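Before any comments, here is the structure.
There are 2 protein chains.
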Amino acid sequence: MQTDKVNIAIVDDHTLFRQGLAHLLTESNEINVLFDADNGADMIKKLPAYPLPDVILMDITMPVMNGYETTKWLKANHPGVNVLALSMFEEDTPIIGMLKSGAGGYMLKQSKAADLVNAIKGIASQSFYINELVSGKLLRNIQNNQPLKNAPIGLNPNELKFLELCCSDLTYKQIADMMNLSPHTIDNYREALFQKFEVKSRTGLVISALKNELIKI
Amino acid sequence: MQTDKVNIAIVDDHTLFRQGLAHLLTESNEINVLFDADNGADMIKKLPAYPLPDVILMDITMPVMNGYETTKWLKANHPGVNVLALSMFEEDTPIIGMLKSGAGGYMLKQSKAADLVNAIKGIASQSFYINELVSGKLLRNIQNNQPLKNAPIGLNPNELKFLELCCSDLTYKQIADMMNLSPHTIDNYREALFQKFEVKSRTGLVISALKNELIKI
DNA sequence: TTAAAAAAAGCTGATTTCACCCTATGCAGA
DNA sequence: TCTGCATAGGGTGAAATCAGCTTTTTTTAA
Chain A
1 MQTDKVNIAI VDDHTLFRQG LAHLLTESNE INVLFDADNG ADMIKKLPAY
51 PLPDVILMDI TMPVMNGYET TKWLKANHPG VNVLALSMFE EDTPIIGMLK
101 SGAGGYMLKQ SKAADLVNAI KGIASQSFYI NELVSGKLLR NIQNNQPLKN
151 APIGLNPNEL KFLELCCSDL TYKQIADMMN LSPHTIDNYR EALFQKFEVK
201 SRTGLVISAL KNELIKI
Chain B
1 MQTDKVNIAI VDDHTLFRQG LAHLLTESNE INVLFDADNG ADMIKKLPAY
51 PLPDVILMDI TMPVMNGYET TKWLKANHPG VNVLALSMFE EDTPIIGMLK
101 SGAGGYMLKQ SKAADLVNAI KGIASQSFYI NELVSGKLLR NIQNNQPLKN
151 APIGLNPNEL KFLELCCSDL TYKQIADMMN LSPHTIDNYR EALFQKFEVK
201 SRTGLVISAL KNELIKI
């Protein structure tokens, strides 16, 4: 019946995906899509105009305000709203990162629609939804009992800026100039990021950053 | 009326996107989605089971068989079927590349649904659909009258394999070992690809390959 | 079968990147 | 006040990467 429907919102920067998903979910008759938004900032702007959603489907990499920040904002300002992360990648970092930011579940865009509907219903009723993908990561996290990337998203604004400039044909020297910093300082950033991402080359860094949905190309 | 509907198929490896889009387009009442497929090989398998589509919406980067190959196969085996490329990027290379492969149009996944419906109807009736994105590229192609990347997709299997291995933490030496080639030969590939992509570093190469939808991470 | 083209392998040197070493400053908490 | 920590800056040397050119082998086409 109408009143039992789960009210959701969708935040993703690809219009066709977002609107397509809205139609797909609406057809399930168990979900009501209140609104959709292009990115976190857009969502914050639209939020007051609608009833508070039960669940928000959240993309991670988006322009202006990404999924990590937006989820943290939601938990600070509307702790009752549940967040279900939607991503293309199944790396440790974005999964743990989104959960730590406050998401109650993590689904791949390669999922089947029925599984997504289940996840939305689960998260609406229990505030979390642990699928195999997530439980596997959590289990390994415990079994290895080393903290296993539980704080890998801690990038300061300068490091993030550097990371973005890394994804280009620019040399480190050129990046240093663009950021008005000494090449040595840039080298510190490089060093720090190599350790955080456990990579040995700039290329590895770029690939990791993309898979961890920290940057967008 | 029913019989005027445009029959289409959707080929894309992200299930939620593909199915969402199918629902979205079905609602327009002008489009009938016959079937969808995970990649080119899957499409070829499913094609005989349905009436021949008027238009096929084609993603570019897909596992097993990508959009370029699949479009070429369609033009060779079912020249009457129109292909509309769907991509996240607006680089020259994939646009020109898909058009050369035989696509009749090119749309971004950031497009609005109404624009996509227009493109589908246009391509169904005229076999092509030239939006601003495509016409701009074509115009520049003529104005600069240098061939402007009209043959940038010409990678042999070894180069493609090398390109994929480049998107990692591996050193060139390790790549040479994995491909059972001398590091010097690898250096030749690197040199050739740097020229084709007009880049000066391995990082630039990786970013270009991703934007040109030649590889998938 | 011979010439041309392409692929593979090689060399050298300049530049960039990588890995470790260090110091100084400012700020928060014990 | 002292300590720890994060940020910023600096230096050195080894390794990897980049750029350009040459040679050999294989394939293709005339």
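Residue numbers (UniProt numbering), protein chains in the order written: chain A, 1 to 217; chain B, 1 to 217.
We put the beta carbon where it would ideally sit given N, CA and C, even for glycine.
Fair warning: this is a prediction, and the values are worked out from it, not measured in the lab.
Below-8 Å beta-carbon distance, residue 168(A) vs any chain B residue: The sequence position of residue 168(A) within the first sequence is 168, counting from 1. Closer than 8 Å: yes.
Does residue 185(A) get closer than 8 Å to chain B when you measure Cβ to Cβ? Translated into the one-based positions of the first sequence, residue 185(A) becomes position 185. Answer no: the Cβ-Cβ gap between residue 185(A) and chain B never drops below 8 Å.
Which term fits residue 64(A), buried or exposed, when burial requires 16 or more other beta carbons within 10 angstroms of its beta carbon? As a working mapping, residue 64(A) is identified with position 64 in the first sequence. Label assigned to residue 64(A): exposed.
Rounded to whole angstroms, what is the Cα-Cα separation between residue 129(A) and residue 106(A)? The sequence position of residue 129(A) within the first sequence is 129, counting from 1. The sequence position of residue 106(A) within the first sequence is 106, counting from 1. About 8 Å.
Give me, in chain order, the residues of the same chain whose beta-carbon lies closer than 7 Å to that of residue 78(A); leave out the 5 immediate sequence neighbours on both sides. Looking up residue 78(A) in the first sequence gives position 78. 52.
Judging by CA-CA distance, which residue of 113(A), 24(A), 103(A) and 117(A) is the nearest neighbour of residue 127(A)? By 1-based counting over the first sequence, the position of residue 127(A) is 127. For residue 127(A), the nearest C-alpha among the options comes from 103(A).
Three or more C-beta pairs below 8 Å linking the segment 75 to 93 of chain A and the segment 19 to 37 of chain B: no
If we ignore side chains and look at the alpha-carbon of each, how far apart do residue 198(B) and residue 96(B) end up? Stepping through the second sequence from its first residue, residue 198(B) is reached at position 198. Stepping through the second sequence from its first residue, residue 96(B) is reached at position 96. So the alpha carbons of these two residues sit roughly 16 Å apart.
Cα-Cα separation between residue 123(B) and residue 14(A), rounded to whole angstroms: As a first step, residue 123(B) is located in the second sequence; it is residue number 123 there, counting from the start. As a first step, residue 14(A) is located in the first sequence; it is residue number 14 there, counting from the start. So the two alpha carbons sit approximately 22 Å from each other.
Would you mind stating whether residue 217(B) and residue 193(A) have Cβ atoms separated by less than 8 Å? Walking along the second sequence from the start, residue 217(B) turns up at place 217. Walking along the first sequence from the start, residue 193(A) turns up at place 193. Result no, Cβ atoms of residue 217(B) and residue 193(A) do not sit closer than 8 Å.
Are the beta-carbon atoms belonging to residue 67(B) and residue 169(A) less than 8 Å from one another? Here residue 67(B) corresponds to residue number 67 of the second sequence, with the count starting at 1. Here residue 169(A) corresponds to residue number 169 of the first sequence, with the count starting at 1. No, they are not a contact pair.
By the three-class DSSP mapping on this structure, what secondary structure does residue 17(B) have? Sequence index remark: in the second sequence, residue 17(B) carries index 17 (1-based). Three-state result, residue 17(B): helix.
For residue 160(A) and residue 186(A), I'd like the C-alpha separation in whole angstroms. Translated into positions along the first sequence, residue 160(A) becomes position 160. Translated into positions along the first sequence, residue 186(A) becomes position 186. For residue 160(A) and residue 186(A), the distance between alpha carbons rounds to 12 Å.
Which residues, taken in chain order from the segment 48 to 70 of chain B, show a beta carbon closer than 7 Å to some beta carbon of chain A? none
Between the CA atoms of residue 113(B) and residue 119(B) - distance to the nearest angstrom: The sequence position of residue 119(B) within the second sequence is 119, counting from 1. The sequence position of residue 113(B) within the second sequence is 113, counting from 1. Cα to Cα, residue 119(B) sits roughly 10 Å from residue 113(B).
Apart from the five residues just before and just after residue 172(B), which ones in its own chain have a Cβ nearer than 8 Å to its Cβ? For the purposes of this step, residue 172(B) is taken as residue 172 along the second sequence, with counting starting at 1. These residues qualify, in order along the chain: 183, 186, 187 and 190.
Can you pull out the residues from the segment 186 to 206 of chain B whose beta carbon lies closer than 8 Å to at least one beta carbon of chain A? 199, 200, 201, 202, 203, 204 and 206
From residue 176(B) to residue 85(B), what distance separates their C-alpha atoms? Within the second sequence, residue 176(B) is the residue found at index 176, counting from 1. Within the second sequence, residue 85(B) is the residue found at index 85, counting from 1. Taking the straight line joining both Cα atoms gives about 35 Å.
9 Å Cβ cut-off: residues of chain A touching residue 181(B): Position 181 of the second sequence, counted from the first residue, corresponds to residue 181(B). Those within 9 Å of residue 181(B) in chain A number zero; the least Cβ separation is about 19 Å.
Distance, Cα to Cα, residue 34(B) vs residue 4(B)? Counted from its first residue, the second sequence places residue 34(B) at position 34. Counted from its first residue, the second sequence places residue 4(B) at position 4. When rounded, the distance between both Cα atoms is 14 Å.
Is the CB of residue 20(B) under 8 Å away from at least one CB in chain A? Numbered from 1 along the second sequence, position 20 holds the residue referred to as residue 20(B). Yes, residue 20(B) counts as interfacial toward chain A.
One or two residues paired with residue 37(A) in a DSSP bridge: The count along the first sequence starts at 1 and reaches residue 37(A) at position 37. Answer is 11(A), bridged to residue 37(A).
Name, please, each residue of chain A whose Cβ falls closer than 8 Å to the Cβ of residue 15(B). For the purposes of this step, residue 15(B) is identified with residue 15 of the second sequence, where counting begins at 1. Chain A residues near residue 15(B): 109, 110, 111, 112 and 113.
Hey, is residue 8(B)'s beta-carbon within less than 8 Å of any beta-carbon in chain A? Residue numbering aside, residue 8(B) sits at position 8 when the second sequence is read from its first letter. Not closer than 8 Å to any Cβ of chain A, the Cβ of residue 8(B) fails to qualify, so no.
In chain order, what residues of the same chain lie with their CB nearer than 7 Å to the CB of residue 147(B), ignoring the 5 residues before and after it? In the second sequence, counting from the first residue as 1, residue 147(B) sits at position 147. Note that residue 147(B) has pLDDT 48, beneath the 50 cutoff, so the model's placement of it is unreliable and the number below is only indicative. If we look at residue 147(B) and ignore the five residues flanking it on each side, it has no Cβ neighbours.
Supposed close pair residue 8(A), residue 44(A) - CB separation, criterion 8 Å: To locate residue 8(A), count along the first sequence from 1; it is residue 8. To locate residue 44(A), count along the first sequence from 1; it is residue 44. The pair is not a contact, with the Cβ atoms about 16 Å apart (cut-off 8 Å).
Mind listing which residues of the segment 25 to 38 of chain B have their C-beta closer than 7 Å to chain A's C-betas, in chain order? 27
Nearest residue (CA-CA) to residue 20(A), options 6(A), 36(A) and 30(A): What you label residue 20(A) is simply residue 20 of the first sequence in a count that begins at 1. Minimum Cα distance to residue 20(A) is reached at 36(A).
Minimum Cβ-Cβ distance from residue 116(B) to chain A less than 8 Å: Indexing the second sequence from 1 puts residue 116(B) at position 116. It does; some Cβ of chain A falls within 8 Å.
Using a Cβ-Cβ cut-off of 6 Å (strictly less than) and excluding sequence neighbours within five positions of residue 222(A), which residues of its own chain qualify? Any question about residue 222(A) goes unanswered here, given that chain A covers just 1 to 217.
Given that residue 46(B) touches chain A, what residues does it touch there, using C-beta distances under 7 Å? Indexing the second sequence from 1 puts residue 46(B) at position 46. The premise fails here: residue 46(B) is roughly 17 Å from chain A at the closest Cβ pair, so nothing lies under 7 Å.
Between the CA atoms of residue 181(B) and residue 164(B) - distance to the nearest angstrom: In the second sequence, the residue the question calls residue 164(B) occupies position 164. In the second sequence, the residue the question calls residue 181(B) occupies position 181. Distance between the alpha carbons of residue 164(B) and residue 181(B): 15 Å.
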